[in-house]
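**Student:** My questions will all concern the structure given below.
Here is the structure:
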């Protein structure tokens, strides 16, 4: 396969970087190649390379300010909205650098759910339909079907099907976050980025979101930033550990938590610091 | 050291408290005093005729100000059509697009424009509209008031758009919306109640302006057709009647003052109610 060939060519070049070991995986949806990121004169990411597998859940863990959210936001070029930032290196989506693509196209294909739920001040229906409408889907029936399907995937349909025209602000915190997930799913993104989606939620709401993420793995590729190591251990197929803007270790979740190869990873996952 | 509160400090405290309380009561009573005073003097002229009849020729008593009420409405309509779109779009640019240095300059210029005396703006409208047209008109009055609306329109738009949480912008951008789409389908709707009420307050502010209308709209004793003729407005009518010799006209001026003030207060209160009932996101 073309993907594998390209990786095997790139492999030696990557080995020269001591801080990471992107494993060649059967189907990499998203690949970071020597990514550096600067906020003004501060370098927030140092030479990150990583392969993200299709239809898997990849989690990023690490202490606050380690760059995991920044890295996540480079994957749909969300950081470009922040002034005075600079990105170097490549992010490949299906082997094409996203920086050479149209930014709205990148963001449609790579969806994002934020730390704090951010429903628009519109009805529940219009929230989910928003992405479809801005991307030019006008046919009423198509929109209605997509809204229902997305709400079902986000495990919210049963709770809201009788009040689709109520304002989204009337929902509880956990429901609002699931609404944001439904909204992101409506445009059928190939990758879904989640930036600490459960940090403001109680354990029951968190559990619901984890369950639905597990369910939608078959639809999309999931990348989640989390402060909660148990969450990463429960959910993720692969886990990356970030420290001070560097990717310290990236491997299968089981190995990361049971037998990490780096001392820093072990210290962090066993709770010795962070 | 003796830490007890001395009698002197207690007295000073009591004096300051009662002084500031007294001033507060005075400030509030000024409004009610003006309203009551206008009503007291104008009540004899405040009848249905005042709202439906035209002014009587000099020397006759009675008549009303129907032409001035409609005239004020027309001039304010022109002013809104000029000041609101211009100020609103500039405010959108200021809040959503402009870089820091340019925003600072633009904001400063707008604040300076806000400080230009209204009579100067009247002269400008006279030079730009009245002179080329060759006569006074509702349009010229509307242009003068429209220019006066611009600074507040810019600043209220900027203020209410900046109050919209950035997370909403990011949410829309992350779904593949362009920046313009994000602004017009998410940011502005989220701020809409504030924007509407801000524009209403802006309108109420210029509704009572007299100086810029004196040599733009001029005045008219009859109904003015369309927008291209001299037109009566409430503030100018008040001015003309107040300096006229007849006692009957003085009373009508008082009544007109009361109507104008009531109108402005009504717009104000409505605008505040719209703000208070706005969507949750614009209150966050």
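Protein chains in written order, with this note's numbering: chain A, 435 to 708; chain B, 2 to 285. We put the beta carbon where it would ideally sit given N, CA and C, even for glycine.
1) Strictly by DSSP, which residues pair up with residue 728 of chain A?
2) I want to see whether chain B comes within less than 9 Å of residue 550 of chain A, judged by CB atoms only; does it?
3) Output, in chain order, the set of chain A residues within a Cβ distance shorter than 9 Å of residue 274 of chain B.
4) Does residue 621 of chain A come within less than 9 Å of chain B when only Cβ atoms are used?
5) Are the beta-carbon atoms belonging to residue 554 of chain A and residue 172 of chain B less than 9 Å from one another?
6) Just to make sure I have the definition right: I need the residues of chain B whose C-beta is within less than 9 Å of the C-beta of residue 512 of chain A. Which are they?
7) Can we say the segment 585-602 of chain A touches the segment 537-549 of chain A, given the rule of at least three CB pairs closer than 8 Å?
8) Using a Cβ-Cβ distance under 9 Å, would residue 1 of chain B count as near chain A?
9) Using a beta-carbon distance below 9 Å, is residue 198 of chain B in contact with chain A?
10) Where does residue 665 of chain A fall in DSSP's three states?
11) Please name the residue, chosen from A/660, A/650, A/582, A/656, that lies closest to residue 635 of chain A on a Cα-to-Cα basis.
12) For residue 616 of chain A and residue 562 of chain A, which I take to be in contact (beta-carbon distance under 8 Å), what is that distance rounded to the nearest angstrom?
13) Check whether the Cβ of residue 178 of chain B lies closer than 9 Å to any Cβ atom in chain A.
14) With respect to the alpha helix (DSSP H) encompassing residue 173 of chain B, which residues constitute its N-terminal and C-terminal limits?
15) Where does residue 671 of chain A fall in DSSP's three states?
16) Taking only the alpha-carbon atoms, compute the straight-line gap between residue 619 of chain A and residue 189 of chain B and give it to the nearest angstrom.
17) Judging by CA-CA distance, which residue of A/607, A/468, A/573, A/612 is the nearest neighbour of residue 592 of chain A?
18) Hey, is residue 564 of chain A's beta-carbon within less than 9 Å of any beta-carbon in chain B?
19) Would you list, in chain order, the members of the segment 466-500 of chain A that have their beta-carbon closer than 9 Å to a beta-carbon of chain B?
20) Between the segment 516-541 of chain A and chain B, which residues of the former have CB atoms less than 9 Å from a CB of the latter, in chain order?
21) If we define contact as Cβ-Cβ less than 9 Å, is residue 213 of chain B a contact residue for chain A?
22) With a cut-off of 8 Å on the beta carbons, I'd call residue 137 of chain B and residue 131 of chain B a contact; round off their distance for me.
23) If we count Cβ pairs, one from each stretch, closer than 8 Å, do we get three or more for the segment 512-521 of chain A versus the segment 146-162 of chain B?
24) According to the Cβ coordinates, are residue 75 of chain B and residue 228 of chain B closer than 9 Å?
25) Give me the chain B residues within the contact set of residue 599 of chain A, using Cβ-Cβ distance strictly less than 9 Å, ordered along the chain.
26) Let me know the secondary structure DSSP gives residue 228 of chain B once reduced to three states.
27) Work out the CA separation of residue 462 of chain A and residue 527 of chain A for me, nearest whole Å.
28) Chain B partners of residue 568 of chain A, CB-CB under 9 Å?
29) Give the interface partners of residue 545 of chain A over in chain B, defined as CB-CB distance under 9 Å, in chain order.
30) Nearest to residue 147 of chain B by CA position, among B/225, B/38, B/206, is which residue?
31) Using DSSP with H/G/I as helix, E/B as strand and the rest coil, what is residue 685 of chain A?
32) Beta-carbon within less than 8 Å of residue 6 of chain B's beta-carbon, same chain only, minus the 5 sequence neighbours each way: which residues are those?
33) What span of residues does the beta strand (DSSP E) with residue 491 of chain A cover, start to end?
**Tutor:** The structure says:
1) Here chain A comprises residues numbered 435 to 708, so residue 728 of chain A is not present and cannot be evaluated.
2) On the first chain, position 116 is the one that residue 550 of chain A refers to. Cβ-Cβ to chain B under 9 Å: yes for residue 550 of chain A.
3) Indexing the second chain from 1 puts residue 274 of chain B at position 273. Going along chain A, no residue has its Cβ under 9 Å from residue 274 of chain B, so there is no contact; the nearest lies around 18 Å.
4) As a first step, residue 621 of chain A is located in the first chain; it is residue number 187 there, counting from the start. Output row for residue 621 of chain A: interface = yes.
5) Along the first chain, one-based indexing puts residue 554 of chain A at 120. Along the second chain, one-based indexing puts residue 172 of chain B at 171. It is a contact, given that the beta carbons lie within the stated cut-off.
6) Looking up residue 512 of chain A in the first chain gives position 78. The answer, in chain order, is 171, 174, 175.
7) no
8) Past the boundaries of the shown model lies residue 1 of chain B; chain B is included only from 2 to 285, so the question cannot be answered.
9) In the second chain, the residue the question calls residue 198 of chain B occupies position 197. So no, residue 198 of chain B is outside the interface.
10) Indexing the first chain from 1 puts residue 665 of chain A at position 231. Helix at residue 665 of chain A.
11) Along the first chain, read from residue 1 onward, the residue named residue 635 of chain A stands at position 201. Among A/660, A/650, A/582, A/656, the Cα nearest to that of residue 635 of chain A belongs to A/660.
12) Indexing the first chain from 1 puts residue 616 of chain A at position 182. Indexing the first chain from 1 puts residue 562 of chain A at position 128. Indeed, because the Cβ distance is near 5 Å, the residues count as touching under 8 Å.
13) For the purposes of this step, residue 178 of chain B is taken as the residue at position 177 of the second chain. Chain A contact via Cβ: present.
14) Here the question's residue 173 of chain B lines up with position 172 in the second chain. Looking at the DSSP string, the run of the alpha helix (DSSP H) that includes residue 173 of chain B is 167-174.
15) Within the first chain, the letter at position 237 stands for residue 671 of chain A. Looking at residue 671 of chain A - three-state DSSP - the assignment turns out to be coil, as it is neither helix nor strand.
16) Working through the first chain from its first residue, we reach residue 619 of chain A at position 185. Working through the second chain from its first residue, we reach residue 189 of chain B at position 188. So the two alpha carbons sit approximately 25 Å from each other.
17) By 1-based counting over the first chain, the position of residue 592 of chain A is 158. Closest option to residue 592 of chain A, Cα to Cα, is A/612.
18) As a position in the first chain, residue 564 of chain A is number 130, starting the count at 1. Taking Cβ atoms only, chain B reaches closer than 9 Å to residue 564 of chain A, which makes this a yes.
19) none
20) 517, 537, 538, 539, 540, 541
21) By 1-based counting over the second chain, the position of residue 213 of chain B is 212. Cβ-Cβ to chain A under 9 Å: no for residue 213 of chain B.
22) Taking the first residue of the second chain as position 1, residue 137 of chain B is located at position 136. Taking the first residue of the second chain as position 1, residue 131 of chain B is located at position 130. That belief holds up - the Cβ atoms of residue 137 of chain B and residue 131 of chain B are roughly 6 Å apart, short of 8 Å.
23) no
24) Here residue 75 of chain B refers to the residue found at position 74 of the second chain. Here residue 228 of chain B refers to the residue found at position 227 of the second chain. The answer is yes: Cβ separation under 9 Å.
25) Counting from one through the first chain, the residue named residue 599 of chain A turns up at place 165. Chain B residues near residue 599 of chain A: none, gap ~15 Å exceeds 9 Å.
26) Residue 228 of chain B sits at position 227 when you count from the first residue of the second chain. Coil.
27) Against the first chain, residue 527 of chain A aligns to sequence position 93. Against the first chain, residue 462 of chain A aligns to sequence position 28. Whole-angstrom Cα-Cα distance: 9 Å.
28) The count along the first chain starts at 1 and reaches residue 568 of chain A at position 134. By Cβ distance, chain B contributes 173, 176, 177, 178, 179, 182, 183, 186.
29) Working through the first chain from its first residue, we reach residue 545 of chain A at position 111. Ordered by position in chain B, the residues that pass the 9 Å Cβ test against residue 545 of chain A are 175, 176, 177.
30) Taking the second chain and counting its residues from 1, the one referred to as residue 147 of chain B is at position 146. Checked all of B/225, B/38, B/206; the closest Cα to residue 147 of chain B is B/206.
31) Against the first chain, residue 685 of chain A aligns to sequence position 251. Looking at residue 685 of chain A - three-state DSSP - the assignment turns out to be strand.
32) Position 5 of the second chain, counting from 1, holds the residue named residue 6 of chain B. There are no such residues.
33) Within the first chain, numbered from 1, the residue matching residue 491 of chain A stands at position 57. From DSSP, the beta strand (DSSP E) with residue 491 of chain A extends over 491-495.
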